[in-house]
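Going letter by letter, the sequence shown gives residues 0 to 180 in numbering that gives the first Met the number 0.
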Amino acid sequence: MKILKILPIFAIFYSWAMILFSIYLNPWFNFQGDAFSSLGSESANYPFVYNILAMVITGLIIMIYSIYAIYLSRNKVETCGYSFLFISGIFLMLIGIYHSGTRPHTFVSSWFFIQSLFSFITISIGLIINKMRIGLILLLISIISPFIAYIIPWQSVAETEAFGIIVIDVAYSLSYISFRK
0 MKILKILPIF AIFYSWAMIL FSIYLNPWFN FQGDAFSSLG SESANYPFVY
50 NILAMVITGL IIMIYSIYAI YLSRNKVETC GYSFLFISGI FLMLIGIYHS
100 GTRPHTFVSS WFFIQSLFSF ITISIGLIIN KMRIGLILLL ISIISPFIAY
150 IIPWQSVAET EAFGIIVIDV AYSLSYISFR K
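This is the structure:
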């Protein structure tokens with residue numbers, strides 16, 4: 000059971016390692032001009048590294064952690080939030096299945112970020128109900144980050160995605176911390 004607790008931290012390092020490995024395998028990738036999803040397109044070198052090893056496996060890790068977090072949840076709102084997070088994991092897997100260049104890709108990739116936001120807002124409310132201050136921090140991050148993403152004039156989709164991933168990583172870390180108390 001102890002390994003299940005650290006899945007959010009593992010997912011953070013694992014996903015970034017796979018993204019960086021995909022970038023290494025595709026020296027043409029331009030952070031200021033491309034989207035991360037181009038690393039999984041048909042024209043990419045070894046697209047399975049990004050699609051399967053990064054997106055599908057990380058999505059599966061998120062789903063497994065969500066089930067464990069539901070088991071540990073302290074109230075129904077938190078349970079609902081982790082159920083939303085489970086769905087977020089499904090959409091992350093779908094990014095790898097419907098890679099860049101396929102019709103559903105834009106929807107599934109956008110919905111992954113939106114679904115993650117919904118899940119962290121709901122989880123934060125559940126934490127606040129339990130009088131955990133970390134819930135307020137998570138709520139503020141969840142509310143403020145979309146505005147920051149909108150206001151900053153990003154040069155590429157990859158930059159916007161990196162910001163979104165970092166916000167999600169912080170939220171996963173806060174989730175991990177909330178179960179340590």
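Just so you know, even glycine gets a beta-carbon here, dropped at the ideal spot from N, CA and C.
Only a predicted model underlies this, so the values are computations on that prediction, with no experimental measurement involved.
Q) Hey, would you say S21 sits closer than 7 Å to L38, going by beta carbons? A) yes
Q: Go ahead and pull the three-state DSSP assignment for M0.
A: M0 carries a coil assignment under DSSP once its states are collapsed to helix, strand and coil.
**Q.** Cβ neighbour criterion (16 or more within 10 Å) applied to Q154
**A.** exposed
(Q) Less than 8 Å between C-beta atoms, sequence neighbours within five positions excluded: which residues of the same chain meet that for H104? (A) S36, I94, Y97, H98
**Q.** The alpha helix (DSSP H) enclosing P7, as first and last residue numbers
**A.** 6-24
Q: Might you give, ordered along the chain, the residues of its own chain that have their beta carbon closer than 7 Å to the beta carbon of N74, omitting 5 neighbours on each side?
A: G125, I128, N129
Q. What number of angstroms, rounded off, separates the C-alpha of L139 from the C-alpha of T78?
A. Looking at the backbone, the Cα of L139 and that of T78 are separated by about 20 Å.
Q: Taking A53 and M17 to be in contact with their CB atoms under 8 Å, please state how far apart those CB atoms are, rounded to whole angstroms.
A: 4 Å
Q) In whole angstroms, what separates the C-alpha of K4 from that of V166? A) Using only the alpha carbons, I get a separation of about 20 Å.
Q: Please specify which runs of the alpha helix (DSSP H), each continuous and at least 4 residues long, are wholly inside the segment 130-175, giving them in chain order.
A: 132-150
Q: Output the distance between the C-alpha atoms of F178 and V55, rounded to the nearest integer angstrom.
A: 25 Å
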